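Read through the structure below, which is laid out as structure tokens, and then see the notes.
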Ligand code: PHE
Ligand code: NA
């Protein structure tokens with residue numbers, strides 16, 4: 001018996017939830033560094049090119065698919081053709097794995113939120129993070145167990161459980177309506193502080209000063225595609241699941257554009273704030289800017305704590321605001337990740353929400369515990385590199401092939417045009433069928449050669465991150481192939497309802 005599918009209460013609720021998923025750590029610590037590393041202001045050209053020709057078209061595709069089929073990724077793909085269900089599982093299993101370690105990073109941020117009150121990370125912030133905090137040792141060494149990380153994980157999974165258990169309207173929508181305005185306010189405060197510090201102008205120059213010669217470098221274009229993909233949460237089945245809860249008459253195209261532009265605006269402002277602070281740090285320490293700049297985990301947990309130590313006033317408050325923004329943007333992303341996977345379980349096994357959420361959150365929480373040991377950090381890095389860097393792009397590529405070439409893309413187009421004020425034209429077909437396929441295809445081949453090359457030629461020291469071969473093979477390639485195998489098996493498991 002099919003239960004009536006839940007629905008968002010308001011359009012704003014859906015858009016805020018989609019924006020909440022899109023805005024995440026990637027906006028705060030990935031985008032600014034990408035721009036810096038890829039020609040500063042000139043990076044905006046490939047970035048907007050990729051956004052308009054691949055990111056937004058795929059966002060419309062995913063939202064349109066979920067809205068038309070009214071199902072999670074596996075169910076929606078199955079409705080295209082039975083065998084394509086595998087593609088849906090592929091996406092959502094990746095999603096589940098990402099959730100397991102993404103929640104660990106949020107747990108770190110929660111801990112740092114408390115450390116920020118009195119800068120208890122000390123002056124050697126790098127040594128503190130890797131040693132005192134993570135207790136990281138050799139790659140395969142178990143190291144210590146981090147009780148603080150465990151507490152943070154209980155908070156992350158507990159909050160998600162509490163919100164998702166209540167469902168779409170009373171849970172995700174309500175939480176997004178609280179989280180998103182707070183996040184916007186935090187961003188404005190951080191940015192204002194960042195750009196008004198002495199020396200910040202130096203940082204902003206590094207962030208924005210265009211070096212147009214990079215436009216000839218294919219790496220820059222690949223990074224732009226990768227960033228756009230990651231930043232819009234594409235390839236996770238998230239937007240498919242979220243759109244499946246939209247009422248029948250909903251302007252899909254408009255919603256997609258709003259989500260994409262809000263996300264990019266956030267990235268840009270975050271870039272100003274982050275680089276302003278780094279510029280200040282370089283000046284305060286009297287070192288060249290190149291020495292203070294970093295991206296990723298190092299930016300948030302090593303460079304920023306150091307910069308906070310150096311602030312002229314309100315260190316604690318600024319630190320709390322910064323880590324709170326990481327926590328909130330992270331939570332609204334995990335909500336969407338867990339919902340994407342759980343809704344697939346609900347669809348497949350005709351399982352009620354409460355049961356599915358309880359199951360997924362319990363298993364996910366237990367999985368996260370691996371990362372509360374000293375063993376966690378290297379594993380997290382390798383899996384993240386493989387899964388995020390191109391697991392997703394592969395899924396996106398396959399999505400475009402299945403819908404653009406193997407099926408009839410006009411079915412999605414006609415559907416979204418029926419419900420949207422702003423109609424998509426043939427440019428959209430072209431973007432999905434050719435531009436995105438070529439862009440992602442090129443990126444994949446290029447990365448594959450770089451990734452597999454050293455394994456084939458035996459140049460093991462060229463492997464990602466200098467990690468041991470055993471780690472790259474088991475956690476990288478092993479996990480990547482394992483996911484496909486499990487996805488294939490899932491498609492052969494019987495459905496518990498008539499679809
Ligand atoms: N869109 C997120 C970001 O930019 C990344 C992400 C994708 C997080 C999917 C969760 C789920 O940070
Ligand atoms: Na984002």
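In the numbering used here, the protein residues as written are 1 to 499.
For every residue, glycine included, the Cβ atom is placed at its ideal position computed from N, Cα and C.
Predicted model, so just to flag it, every value in this text is computed and none were measured.
Sorted by chain position, which residues of the same chain lie with C-beta nearer than 7 Å to residue 197's C-beta, five sequence neighbours on each side aside? 276, 277, 280
Residue 213 versus residue 41 - alpha carbon distance: 12 Å
Would you kindly report the start and end of the unbroken alpha helix (DSSP H) that includes residue 90? 85 to 116
Which of helix, strand or coil does DSSP assign to residue 145? strand
Would you grab the beta carbon distance between residue 437 and residue 397 for me? Rounded to a whole angstrom, and I think it's under 8 Å. 7 Å
Compare the Cα-Cα distances from residue 259 to each of 10, 17, 351 and report the closest residue. 17
Distance between beta carbons of residue 72 and residue 251, contact taken as under 8 Å: Not quite, the Cβ-Cβ distance comes to about 22 Å (not below 8 Å), so this is no contact.
Tell me whether the region 83 to 91 and the region 479 to 491 touch, counting them as touching only if at least three CB pairs, one residue from each stretch, are closer than 8 Å. yes
Under the three-state DSSP convention, the category residue 196 falls into: helix
Just the C-alpha distance for residue 109 and residue 61, rounded to the nearest angstrom, thanks. 33 Å
Once you ignore the five residues that flank residue 485 on each side, which residues in its own chain have a CB closer than 6 Å to its CB? none
Do the region 150 to 162 and the region 356 to 363 meet, that is, are 3 or more Cβ pairs less than 8 Å apart? yes
Does DSSP put residue 53 in a helix, in a strand, or in coil? helix
Three-state class that DSSP yields for residue 373 in the structure shown: strand
With a 10 Å radius around its C-beta and 16 neighbouring C-beta atoms as the bar for buried, classify residue 209 as buried or exposed. exposed
Quick one: complete alpha helix (DSSP H) runs, 4+ long, within the region 376 to 408? 376 to 386, 392 to 401
Please check the pair residue 393 and residue 235, which I expect to be a contact at CB under 8 Å, by giving their CB distance rounded to whole angstroms. 7 Å
Pick from 27, 338, 473, 299 that is closest to residue 232, judged by C-alpha positions: 27
Residue 263 beta carbon near the ligand NA (any heavy atom closer than 7 Å): yes
Examine the ligand PHE and report whether any of its heavy atoms sits within less than 7 Å of the Cβ of residue 26. yes
Taking only the alpha-carbon atoms, compute the straight-line gap between residue 248 and residue 122 and give it to the nearest angstrom. 55 Å
Among the candidates 487, 400, 305, 53, whose CA atom is the shortest distance from the CA of residue 114? 305
Count the other CB atoms within 10 Å of the CB of residue 273; is the residue buried (16 or more) or exposed (fewer)? buried
Quick check: is any heavy atom of the ligand NA less than 7 Å from the C-beta of residue 231? yes
Around the C-beta of residue 363, are 16 or more other C-beta atoms found within 10 angstroms, so that it is buried, or is it exposed? exposed
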